[in-house]
Every structure is written in C-alpha cells, then in structure tokens.
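Everything below concerns the one structure shown next.
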Amino acid sequence: MTKNGQIFKRICFGGIGVYLANCICIAADDRLRSPLWDYLGLGYTSFFGVVLVLSVFGLITLAISQHIKKRKVTGLQPISRKYTISFIVSYIPYVLLLLYSLYCSKFGFTFFTTSYGWEGFYSAFVIMGFVFCVIPVFPFCIFWQILYIVKWVRNRKARQEKHI
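Numbering (my numbering), first residue to last: 64 to 227.
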C-alpha cells in the first residue's frame, strides 16, 4: 500500500473513532441507562453518522482498489465477473422500490392516511426511498455503481493506451 493509502486508511479509522467517541459521550450523558449497543445507533442520524458512513465508504474504496491492483500485478483481468454481477445486483433495491410503489398505487399506502393511485405511488416512493437512505441501502448502491464505473473506465483507458 502506498504512503497516501496508509494516510487515507488512518483518516478513515480516525473518523470511525470520532463516531465511537461521540456515542460514548451520548452514553455518558445518559448515565448508561440502556445497553451500549443502543447508543451506537443514536449517533447515526447526526453529523457524526455522516463521518462514519464516509469513513466506511473510504475503507471499502481503498480495499477494492488494493484488490484490483493485486489482480493487475498477477496478470488477471482487473475487473472480474463477480464485480460485474455485483454491479448489476446493486440495481435490485431501486427495482424493488419501484415495484412496491406500484403495488401501493393499486392497494393503497398508509402513512397517517391511506392514499391510492398516483398519490399512493408518490408517497410510497418518497417515504420508502427516504427510509432506504437513512438505512444506507441506496447510498451504498450508488457508491458501488460509481466506483465500478470509474474503475471500469480507467481499466478500459489503460487497455486502449497499452494497445496504441
């Protein structure tokens, strides 16, 4: 791993440490009335949760980049079939949200009141889309799709330059 990679890894672990320190502060303010695991989820919806998510995404990016570099060094194709399949699978949550919204347009979506048709579709799409953003399903899928496309384009350019 390069020196910049080591620094980046330390920054990411530092971000995770900051998140954990914030959770411990929340637990200390509450005098540990609940189990410690409960406090780990409380900090998630704050600024510190954003730091945690960015740190985890950074570590994932670093790990994938290192794996691709190892594959290049050994002479294997940098982007394997598993990566391509996982890229395609990352679209499943969007399709499920769309199907659920279509279901709710016909059979109704209840959130305080029951709504049908376009209003039911729209309400289900927005509210469940927000839920999938709070539980980082959509951000992770978008992150993975962007990372895959960037790595694919870089690999393709490197192959074209190699042939010229």
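Virtual Cβ for every residue (Gly too), placed ideally from N, Cα, C.
Burial state of residue i (16 or more Cβ within 10 Å)
i: Asn85; result: buried
i: Ala221; result: exposed
i: Cys167; result: buried
i: Phe154; result: Sequence inspection shows Tyr at residue 154; the Phe mentioned does not correspond to that position. Tyr154 is exposed by the Cβ-count criterion.
i: Cys196; result: exposed
i: Phe111; result: buried
i: Ser118; result: buried
i: Gly78; result: buried
i: Phe172; result: buried
Distance CB(residue i)-CB(residue j) smaller than 8 Å
i: Gly192; j: Leu160; result: yes
i: Tyr146; j: Tyr211; result: yes
i: Met64; j: Gln140; result: no
Inter-residue CB distance, residue i and residue j (contact presumed, cutoff 8 Å)
i: Ser164; j: Phe188; result: 4 Å
i: Ile87; j: Lys214; result: 37 Å between Cβ atoms; not a contact.
i: Phe206; j: Phe120; result: 5 Å
i: Val114; j: Val81; result: 6 Å
i: Leu99; j: Ala91; result: Not confirmed; about 11 Å, so no contact.
i: Gly68; j: Leu125; result: 6 Å
i: Ile127; j: Asn218; result: That belief does not hold up - the Cβ atoms of Ile127 and Asn218 are roughly 13 Å apart, past 8 Å.
Contact test: residue i Cβ vs the ligand SAM heavy atom, cutoff 7 Å
i: Ala90; result: By its list of ligands, the structure shown contains no ligand whatsoever, and the ligand SAM lies outside what it can speak to.
Cβ shell of residue i (< 8 Å), same chain only, five flanking positions each side left out
i: Phe174; result: Ser186, Ile190
i: Val228; result: Because the chain is modelled from 64 through 227, residue 228 falls outside the range shown and cannot be assessed.
i: Asp93; result: Tyr102
i: Cys204; result: Ser153, Tyr154, Pro156, Tyr157
i: Phe71; result: Gly121, Leu125
Same chain, Cβ closer than 6 Å to residue i, five either side skipped, listed in chain order
i: Leu105; result: Ile89
i: Cys75; result: Ser118, Gly121, Leu122
i: Val194; result: none
Nonlocal neighbours in the same chain, by C-beta distance under 7 Å from residue i, ignoring five residues either side
i: Lys135; result: Pro141
i: Ser178; result: Gly171, Phe172, Ser186
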